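First residue of the sequence shown: 68, per the UniProt record's numbering; consecutive thereafter. For glycine and all other residues, C-beta sits at the position ideal for the given N, C-alpha and C. A quick note: this is a predicted structure, and the numbers were derived from the prediction, not measured. Have a look at the structure below, then the notes.
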Amino acid sequence: LLSVEAELALGEFTIFPQIDSTNNAAATAIREGRAAGYCCIAEQQSAGRGRRGREWRSPFGRNIYLSQVWEFQAGASALEGLSLSVGLAVVRALTKFGVTGLGLKWPNDILYRDKKMAGILLEMQGDPSGVCQVIVGVGLNVDMTGANTAGISQPWADLAEVVGVVDRNALVAELMSALYLVFQEFSFGGFSAHKDEWSRYDVFAGRPVRVQLGQTYIEGVVTGVDRSGGLILTTPEGERVFNGGEVSLRGA
Ligand code: BTN
68 LLSVEAELAL GEFTIFPQID STNNAAATAI REGRAAGYCC IAEQQSAGRG
118 RRGREWRSPF GRNIYLSQVW EFQAGASALE GLSLSVGLAV VRALTKFGVT
168 GLGLKWPNDI LYRDKKMAGI LLEMQGDPSG VCQVIVGVGL NVDMTGANTA
218 GISQPWADLA EVVGVVDRNA LVAELMSALY LVFQEFSFGG FSAHKDEWSR
268 YDVFAGRPVR VQLGQTYIEG VVTGVDRSGG LILTTPEGER VFNGGEVSLR
318 GA
């Protein structure tokens, strides 16, 4: 297993009242040589993005939209499984606020009782075989009261309905330190350091699912995740392993 030589500097922290996407602000910071430890949050995003080209609804003032840059040196391939580890960081932070009933949907959705409470978008920059930066974008529904939720494509939850009003500053601080610790752990052991803990939250383990791979659908039962965060599926043709970038997953 590769150990990731990483820059865990604490760096710039910016709060934007409004921005297109915090992940774009992070990309700009990287381009301008301010990557080390960069973190930003916004009160509102006009073009918040999710995985697979989807929109991330980002109303003003009640949620968390955060992007953290992590710079490392072992090449992009050493990052396999990082998105799962980041999901675990969000779960750890929420648990500190008394939230129970959390689950993780491979590769990195954070669910509360099967409804999505937070999502993660990782974007890479730099040299895939040398020094790279990963932009870790986290969107967390803290309180969706008053938000336009029409057309959100999947069932969602917010923190307010579970634990009431929370101090977002305290939550951002908790999230940042959980991310920091997870990066540190990941840099020593990769995802394997988190596999057992992640598996305790795995909402699909043992369940029949349908995996979409391009235009193809593959049905099977989820066995779990492997040491690099791949999804292990038992199909009529035998065992198959999938990686996060290429597939999407639904209960069958
Ligand atoms: C997903 O579940 O599809 C991922 C959602 C990620 C949303 C966050 S909000 C902060 C950061 N900026 C963005 O534009 N997206 C991520």
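Using the three-state DSSP reduction, which class does L178 fall into: helix, strand or coil?
Counting from 1 along the sequence shown, the entry for residue 178 is found at position 111. Looking at L178 - three-state DSSP - the assignment turns out to be strand.
I'd like the list of long-range same chain contacts for L178, defined as Cβ closer than 8 Å, with 5 residues on each side in sequence excluded.
As a position in the sequence shown, residue 178 is number 111, starting the count at 1. Here the set comprises L169, G170, L171, K172, M184, A224 and V270.
With a threshold of 6 Å on Cβ separation, who are the neighbours of L68 within its own chain once the five nearest residues in sequence on each side are excluded?
Start at 1 with the first residue of the sequence shown, and residue 68 comes out as number 1. Confidence at L68 is low in this model, with a pLDDT of 32, below 50, so the placement of that residue should be treated as unreliable; the coordinate-derived value is given next. Excluding positions up to five away in sequence, the list reads G257.
Quick one: residues in its chain with C-beta nearer than 7 Å to the C-beta of D194, no 5 flanking neighbours on either side, listed in chain order?
As a first step, residue 194 must be located in the sequence shown, where it is residue number 127. Close CB contacts of D194 within its chain, under the 7 Å cut and outside five residues either way in sequence, are absent.
Is the beta carbon of G311 less than 9 Å from the beta carbon of N175?
Here residue 311 corresponds to residue number 244 of the sequence shown, with the count starting at 1. Here residue 175 corresponds to residue number 108 of the sequence shown, with the count starting at 1. The answer is yes: Cβ separation under 9 Å.
Where does the unbroken beta strand (DSSP E) through F80 begin, and where does it stop?
Translated into positions along the sequence shown, residue 80 becomes position 13. Counting along the chain, the beta strand (DSSP E) containing F80 begins and ends at F80 to F83.
Report the residue ranges of all alpha helix (DSSP H) runs contained in full by the region 166–248; include only those spanning at least 4 residues, in chain order.
227–230
Measure from the alpha carbon of E79 to the alpha carbon of each residue in A96, D87 and Q140, then state which is nearest.
What you label residue 79 is simply residue 12 of the sequence shown in a count that begins at 1. From the listed residues A96, D87 and Q140, the smallest Cα separation to E79 is found for A96.
Give me every residue whose Cβ sits closer than 5 Å to any heavy atom of the ligand BTN, in chain order.
S88, T89, N90, G115, R116, G117, R118, W123, Y132, G186, L188, G204 and G206
Per DSSP, what kind of secondary structure is R119 in: helix, strand or coil?
Translated into the one-based positions of the sequence shown, residue 119 becomes position 52. Reduced to three states, the DSSP call for R119 is helix.
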